[in-house]
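Engineer:
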Amino acid sequence: MIEETKAFTNRDEKMIQYVSLIGIFERSHILMGFENALCACMEEPEEFGEMLKALTEHKIRLYKKVYEIVKPDILVYHDDMATQASQFLSTDFYNQYLFPEYKRIVAAAREIGYKYIIHHSCGRIEKLIPDWLDCGFDGWDSVMNCNDLVQIKKEYGDKIVFMPGLDTQGVLGKAGSSRQAIEKMVVEWMNMLASDGTGLIIDSTPAYSLNPANEVICLEFIKKHGKPFMDA
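If you read the sequence shown in the working numbering, its first letter stands for residue 17, the second for the next number, and so on.
And the structure:
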């Protein structure tokens with residue numbers, strides 16, 4: 017797979033994206049169980065912080081090895097931080113324990129050679145975007161509409177790239193959605209996040225909640241109308 021990627025990718029025309037699943041917070045609750053991890057970060061914050069530092073070191077070693085072999089242009093760092101209603105933990109906690117490690121990850125990734133670093137998080141994370149920008153992330157992957165996307169675009173549209181999954185839990189996730197409804201949704205998202213012709217990358221990676229038939233319709237429409245929209 018690695019050799020195929022290197023052989024069939026024209027680096028003058030396309031970029032290679034490396035998606036790094038299981039971020040340091042996700043790894044903590046995989047190792048300990050979600051409930052135990054949340055209790056530990058409250059009851060034993062110093063020890064929890066040391067674990068995050070060790071996980072960060074592991075990530076950085078991994079990113080070096082991946083870059084040596086493939087030399088991706090883009091690193092997508094995956095670390096879900098919220099439900100659709102709110103963050104898992106307070107912004108103060110994230111600032112104290114997670115974001116210092118994120119800064120280390122972003123700085124190391126840039127030094128290694130990654131050109132763009134994107135943060136993936138599902139859920140309602142709108143209050144965290146200023147902190148992500150301070151950490152050095154270039155974009156946000158997922159972009160769920162449980163957030164105030166209009167306001168986010170207004171405040172941060174010139175500072176962050178949006179990589180949305182579109183309405184994967186709505187129109188795209190429902191069996192039998194009409195072509196008209198899907199196309200209407202795509203146009204609405206383009207108007208919302210790229211009205212100025214910038215800042216939007218629509219990912220073609222299938223989402224877990226995506227209906228396969230709807231995905232085909234969605235991608236066909238994007239390929240046909242996406243570039244003319246951006247050029248308008």
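Don't be surprised by glycine CBs; every beta carbon is placed ideally from N, CA and C. Please read these numbers as outputs of a predicted model, since none were measured by experiment.
#1: Quick one: what's got a C-beta closer than 6 angstroms to residue 35's C-beta in the same chain, skipping five residues either side?
#2: In whole angstroms, what is the alpha-carbon distance linking residue 250 and residue 208?
#3: According to DSSP, is residue 112 part of a helix, a strand, or is it coil?
#4: Whole angstroms is fine: what's the gap from residue 139's alpha carbon to residue 185's?
#5: How long is the line joining the alpha carbons of residue 170 and residue 46, rounded to whole angstroms?
#6: Which residue spans inside the stretch 158-189 form an unbroken alpha helix (DSSP H) run of at least 4?
#7: Bridge partners of residue 36, per DSSP?
#8: Would you please state the rounded distance, in angstroms, between the beta carbons of residue 216 and residue 202? I believe it to be under 8 angstroms.
#9: Assign residue 248 to buried or exposed, taking buried as 16 or more other Cβ atoms, counted over all protein chains shown, within 10 Å of its Cβ.
#10: Please identify the residue among 103, 33, 60 and 157 whose C-alpha is closest to the C-alpha of residue 5.
#11: Going by alpha carbons, who is nearest to residue 176 out of 165, 161 and 153?
#12: With a cut-off of 8 angstroms, do at least 3 Cβ pairs link the stretch 225-234 to the stretch 190-200?
#13: Compute the beta-carbon to beta-carbon distance between residue 134 and residue 155, rounded to the nearest angstrom, for a pair I have assumed lies under 8 angstroms.
#14: CA-CA distance, residue 158 and residue 97?
#15: Mind reading off the beta-carbon distance from residue 107 to residue 144? Whole number of angstroms is fine, and I expect it under 8 angstroms.
#16: Kindly indicate which three-state DSSP category residue 242 falls into: helix, strand or coil?
#17: Could you have a look at residue 216 and say whether DSSP puts it in helix, strand or coil?
#18: Among the residues of its own chain, which have a CB less than 7 angstroms from the CB of residue 161, if the five just before and after it don't count?
#19: Suppose you measure from the CA of residue 151 to the CA of residue 105; what does that come to, to the nearest Å?
#20: Near residue 80, which residues of its chain fall below 6 angstroms by C-beta distance, leaving aside the five closest residues on each side in sequence?
Structural biologist: Concretely, from the data shown:
#1: Counting from 1 along the sequence shown, the entry for residue 35 is found at position 19. 92.
#2: In the structure displayed, the chain extends from 17 to 248; residue 250 sits before or after that span and is not available.
#3: In the sequence shown, the residue the question calls residue 112 occupies position 96. Here residue 112 sits in helix by DSSP.
#4: What you label residue 139 is simply residue 123 of the sequence shown in a count that begins at 1. What you label residue 185 is simply residue 169 of the sequence shown in a count that begins at 1. Near 12 angstroms, if we compare the C-alpha coordinates of residue 185 and residue 139.
#5: Position 154 of the sequence shown holds residue 170. Position 30 of the sequence shown holds residue 46. For residue 170 and residue 46, the distance between alpha carbons rounds to 36 angstroms.
#6: 165-172
#7: Numbered from its first residue, the sequence shown carries residue 36 at position 20. Answer is 93.
#8: Within the sequence shown, numbered from 1, the residue matching residue 216 stands at position 200. Within the sequence shown, numbered from 1, the residue matching residue 202 stands at position 186. About 11 angstroms separates the two Cβ atoms, so there is no contact after all.
#9: Along the sequence shown, one-based indexing puts residue 248 at 232. A caution first: residue 248 carries a pLDDT of 42, below 50, which makes its placement in the model unreliable, though a value can still be read off. Result: exposed.
#10: The requested residue 5 does not occur in the structure, where the chain is confined to residues 17 to 248.
#11: Looking up residue 176 in the sequence shown gives position 160. Of the listed residues, the one whose Cα sits closest to residue 176 is 153.
#12: yes
#13: Here the question's residue 134 lines up with position 118 in the sequence shown. Here the question's residue 155 lines up with position 139 in the sequence shown. Residue 134 to residue 155, Cβ: 4 angstroms. Contact.
#14: For this step, residue 158 is matched to residue 142 along the sequence shown. For this step, residue 97 is matched to residue 81 along the sequence shown. Distance between the alpha carbons of residue 158 and residue 97: 12 angstroms.
#15: Locating residue 107 in the sequence shown gives position 91, counting from the first residue. Locating residue 144 in the sequence shown gives position 128, counting from the first residue. 7 angstroms between Cβ atoms; contact.
#16: Here residue 242 refers to the residue found at position 226 when the sequence shown is read from its first residue. Three-state DSSP puts residue 242 in a helix.
#17: By one-based count along the sequence shown, residue 216 stands at place 200. Looking at residue 216 - three-state DSSP - the assignment turns out to be strand.
#18: Taking the sequence shown and counting its residues from 1, one reaches residue 161 at position 145. Contacts found: 183.
#19: Here residue 151 is taken as the residue at index 135 of the sequence shown, counted from 1. Here residue 105 is taken as the residue at index 89 of the sequence shown, counted from 1. Inter-residue distance for residue 151 and residue 105 is about 18 angstroms (C-alpha atoms, whole angstroms).
#20: For the purposes of this step, residue 80 is taken as the residue at position 64 of the sequence shown. Correct list, in chain order: 128.
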